[in-house]
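K.L.:
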Amino acid sequence: MSVALIRLAALAGVALIASTAEARDLTIVSFGGAYQDAQREVYFAPFTEATGAAVTEDSYNGGIGVLRARAEGPPSWDVVQVETDELILGCEEGVLVPLDWSVLGEDNFLPSAVHECGVGTIVWATVMGYDADRFPDDPPSTWADFFDVEAYPGMRGLRRGPRGALEFALMADGVPVGEVYEVLATEDGIDQAFAKLDTIKDNLILWEAGAQPPQLLAAGDVVMTSAYNGRITAANENEGRNFVIPWEAGFVYAVDYWTIMANSDQQEAAMDFILFASDPDQQKLLPPHIPYGPTHVDAAGLVDPDVLPNIPTAPQNLPTGLFFDEDFWVDRYESLNERFSAWAAQ
Amino acid sequence: MQATATAAGGLGSSKAERTALKKALRRTERRRQLWAFGLTLPLLAFLLAVFVVPILGMLKLSVENSELARTMPEAAEALRAWEGGGVPLEPVVATFAHDLRAARDARALSPVAQRLNNAHAGDRSLIQGTARRLPDAPDGSWTATLAEIDAEWGEPRIWWSLKRAAEPWTDLYLLQSLDLQRDIDNEIVATPSERALYRNVLARTLWISLAVTVLCFVIGYPLAYKLSTLPPRLANPLMILVLLPFWTSLLVRSAAWIVVLQREGPINETLLWLGILAEPVQLVFNRAGVLIAMTHIMLPFMVLPLVSVMKSIPKSHMQAAIGLGAPPLTAFSRVFLPQTRPGIGAGCLLVFIISIGYYITPALVGGTADQMISYFVAFFTLQTVNWGMAAALGSILLVAVLALYFVYARLVGIDRLKLG
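Quick mapping for you: the protein sequence lines, in order, are chains S and U.
Residue numbers for the first sequence follow the working numbering, beginning at 1 and rising by one.
Residue numbers for the second sequence follow the working numbering, beginning at 1001 and rising by one.
1. Using the C-alpha atoms, what's the distance from LEU197(S) back to ALA1121(U)?
2. Taking 7 Å as the threshold (beta carbon to beta carbon), is LEU322(S) in contact with chain U?
3. Please list, in chain order, the chain S residues whose beta carbon lies closer than 7 Å to that of ASN1386(U).
4. Apart from the five residues on each side of it in sequence, which residues of its chain come closer than 6 Å, Cβ to Cβ, to GLY1343(U)?
5. Against chain U, does SER341(S) count as a neighbour if the rule is that its beta carbon must be under 7 Å from one of theirs?
6. Taking any Cβ of chain U, which residues in the segment 165 to 182 of chain S have a Cβ under 8 Å from it, in chain order?
7. In whole angstroms, what separates the C-alpha of TYR1359(U) from that of MET1372(U)?
8. Below 9 Å on C-beta distance, what does GLY220(S) contact in chain U?
9. Looking at C-beta atoms only, is the number of pairs between the segment 1239 to 1257 of chain U and the segment 1326 to 1345 of chain U that lie closer than 8 Å three or more?
10. I need the straight-line Cα distance from PHE47(S) to ALA54(S), nearest angstrom please.
11. For SER1110(U), go through chain S and note every residue whose CB falls closer than 8 Å to its CB, in chain order.
12. Looking at chain S, which residues of the segment 1170 to 1203 of chain U have a Cβ within less than 7 Å of any of its Cβ atoms?
13. Which complete alpha helix (DSSP H) runs does the segment 1290 to 1341 of chain U hold, if anything under 4 residues is left out?
14. Please name the residue in LEU1382(U), SER1355(U), THR1368(U), VAL1385(U) whose C-alpha comes closest to that of VAL1401(U).
15. Assign LYS1315(U) to one of two classes, buried (16 or more other C-beta atoms within 10 Å of its C-beta) or exposed (fewer than that).
16. In chain S, which residues lie with their C-beta within 7 Å of the C-beta of LEU1364(U)?
17. Whole angstroms is fine: what's the gap from ALA1346(U)'s alpha carbon to CYS1216(U)'s?
18. Let me check one thing: in DSSP terms, what residues is ASP58(S) bridge-paired to?
19. Check whether the Cβ of ALA345(S) lies closer than 7 Å to any Cβ atom in chain U.
20. Taking 7 Å as the CB-CB cut-off, is ASP131(S) touching chain U?
21. Using the C-alpha atoms, what's the distance from ARG134(S) back to ARG156(S)?
22. Could you pull out every residue in the same chain whose Cβ sits closer than 8 Å to the Cβ of ASP25(S), ignoring the five residues on either side in sequence?
23. Work out the CA separation of ALA1049(U) and GLY1038(U) for me, nearest whole Å.
24. Within its chain, find whatever has a CB closer than 8 Å to the CB of PHE109(S); leave out the 5 residues flanking it on each side and keep chain order.
25. Quick one: complete alpha helix (DSSP H) runs, 4+ long, within the segment 87 to 130 of chain S?
26. Would you say PHE1051(U) faces chain S, with C-beta separation under 7 Å as the test?
27. Among the residues of its own chain, which have a CB less than 7 Å from the CB of PHE1406(U), if the five just before and after it don't count?
28. Run through DSSP, which three-state label would HIS296(S) get?
29. Is ASP325(S) helix, strand or coil by DSSP?
30. Judging by CA-CA distance, which residue of PRO1054(U), SER1062(U), ARG1031(U) is the nearest neighbour of MET1389(U)?
31. Is the shortest distance between the beta-carbon of ARG134(S) and the beta-carbons of chain U less than 7 Å?
32. Compute the beta-carbon to beta-carbon distance between ALA165(S) and LEU158(S), rounded to the nearest angstrom, for a pair I have assumed lies under 8 Å.
33. Identify every run of the beta strand (DSSP E) within the segment 1156 to 1223 of chain U, keeping only runs that are complete inside it and at least 3 residues long; order them along the chain.
34. Is DSSP giving GLU334(S) helix, strand or coil here?
35. Using a Cβ-Cβ distance under 7 Å, would ARG160(S) count as near chain U?
36. Which residue marks the beginning of the beta strand (DSSP E) containing ASP173(S), and which one marks its end?
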């Protein structure tokens, strides 16, 4: 029933597009909002200027279901930006095609940006953030500080659910960044993470949407919180806040990828665009608009030094970063979420 | 028309005529009924399409188990025929390996991997990883080849999981929704306590809904009484104030409560300024926040039926009771209150049933221990695309609501409801 409905809706949508545009332009799909506005300026418009190829844009909120529906219909989307879980499932299911890495060059990109069906375009991070105005001296600088409610009294914020929370708990417990997932793969490691979370359970506020952490910090609901790095920088720039990201404490980063839909009839043009958008001279222009890190190894060195400290892939920040292991989470998200919810309710 | 005329003029007519008359009357009657029924057909078709069919679809999804049989038909048949226990013999393993390779090459393996992962975390990687490394021909036997790729294939557990996934239907999701699971001997046992969640969530959902209903009643009853007795000149603007929340987005209202209730928000600031509190209290991201915000949002559903019922009670009843010597409280409890019962019943039922499916308000103003069942339905549909669990939780909620409805109908009587 639901699948039939989705197909029908997809068909209707495609029919609509087909009737309005006879010859289809290269259609690039991203996540909309301020991010896509920046991409338009840095990638889409310059690509048209450089090649003469017109670009049509679309946006979506992510989700493998949308990609599946699009893949079953006639060609409509060509280049799509995806998060790691969609990349893994989409590649396994044949919704996305393998990229030609001989042209892209594996060595040109961060290891986490290289995948059979996708090339990373931005790196975003879940970081610790605090309001410097509330810590005039001796601000927190490690995740151990985050879990130390005696030295740093007050409420803490973490994203609701096990993703991130377990990684940070282990970092606070002294597990080196590089071994976090090794420890987490064992039952003992999971017990260890939950035992650490127990220590701040009474001081914990769990947030749901990315807009919440800066608001919680500003309102004094929490003294420190996990947050998406872009939101912290945006609050400082747009609202004049004095929030700080202690990158040296360790952070978890994820990569968003460019991919090509398997049913696209413009495979070549799609690859041309991906090559264009993966060029370090193009990638370096994005961070001044929005603090996401470039994935090309040469790009970080070209980024405006004023904004460099705000991005996860800056040379001084990257060493303490942990690549979010989506393969681990696709397997264990449900069972660990059950455990997390049961833990929270106890 | 003709039949009526005959009836009027033929009082002493023969038996045959009377039968003909009856027949004609019945026919007219039947035609009228058919016509009336025909008028409701569009509505019935609508209900069928948007209500009955989706619910049946949901119930079916909660027990559906077709992934393996669809993608790997021969392996599924072989596994069904296998009697279980230990690791199956080589022919079954070989059929499985063959189908696994075919599914991999067709890039059709994902649903199977996900189905197995639903029952046992980690099986998705096991299936996908094995498929990636599967050779075209076995190195010796397929049993040995698989065990070499991953030692897990030498364990009875994975084969038992596969056998369960090969059945046409499964109780996996319904059991999991009740914190139960099957062990390797196919016995139903309790989920390990650190993962047991859903009974607690169901109880919490019912408890929050009940608390919101009681709060709405306590606040709404006096309010409705006042609204029903005021002259229209005053009652109408007040009524608009009650209805105002209806005209604002649910999301905005929930977010507004966060602002009002936060630590440095107006309520805490005022209480601190008045000296009632020494330090700010946590009013949001916990149960208190959920109850406050939901009560506010649900209040109109309680007030509207109450006002309409109260308006229909003549003032003279209370005056007569007091005139006959009843003290005001007695007059209220024995004359007024019983007459508002249909409104109370309707208001409480409305608030309770709508509350039970609430999602966005608890998600925003509640803590993790305040999430209701719909939060988990959304989690499974939107985040992990596990339709089986989403449908099973939905089905259990449906059964719980139906059970409550019948209890209610028994205790209060459903014919006594009055919605407005």
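Note that the Cβ used here is the ideal one computed from N, Cα and C, for glycine as well.
P.N.:
Straight from the coordinates:
1. 22 Å
2. no
3. GLU334
4. PRO1305, LEU1306, VAL1309, LYS1418
5. yes
6. none
7. Their Cα atoms are separated by approximately 7 Å.
8. GLN1262, ARG1263, GLU1264, PRO1280
9. no
10. 8 Å
11. LEU89, GLU92, GLU93
12. GLU1194, ARG1195, ALA1196, LEU1197, ASN1200
13. The alpha helix (DSSP H) runs of length 4 or more contained entirely in the segment 1290 to 1341 of chain U are, from start to end of the chain, 1315 to 1323, 1328 to 1331.
14. SER1355(U)
15. exposed
16. GLU208
17. ALA1346(U) and CYS1216(U) have their C-alpha atoms roughly 13 Å apart.
18. VAL29(S)
19. yes
20. no
21. Whole-angstrom Cα-Cα distance: 14 Å.
22. ALA53, ALA54, VAL55, THR56
23. 17 Å
24. The answer, listed in chain order, is VAL119, GLY120, SER278, THR295, HIS296, VAL297.
25. 101 to 104
26. no
27. Leaving aside the five residues that flank PHE1406(U) on each side, none in its chain has a CB nearer than 7 Å to its CB.
28. strand
29. In the three-state reduction of the DSSP assignment, ASP325(S) falls in the coil class, being assigned neither a helical nor a strand state.
30. SER1062(U)
31. no
32. That belief holds up - the Cβ atoms of ALA165(S) and LEU158(S) are roughly 5 Å apart, short of 8 Å.
33. The qualifying runs are 1180 to 1182, 1188 to 1190.
34. helix
35. yes
36. In the DSSP annotation of this structure, ASP173(S) is not part of any beta strand (DSSP E), being labelled neither H nor E.
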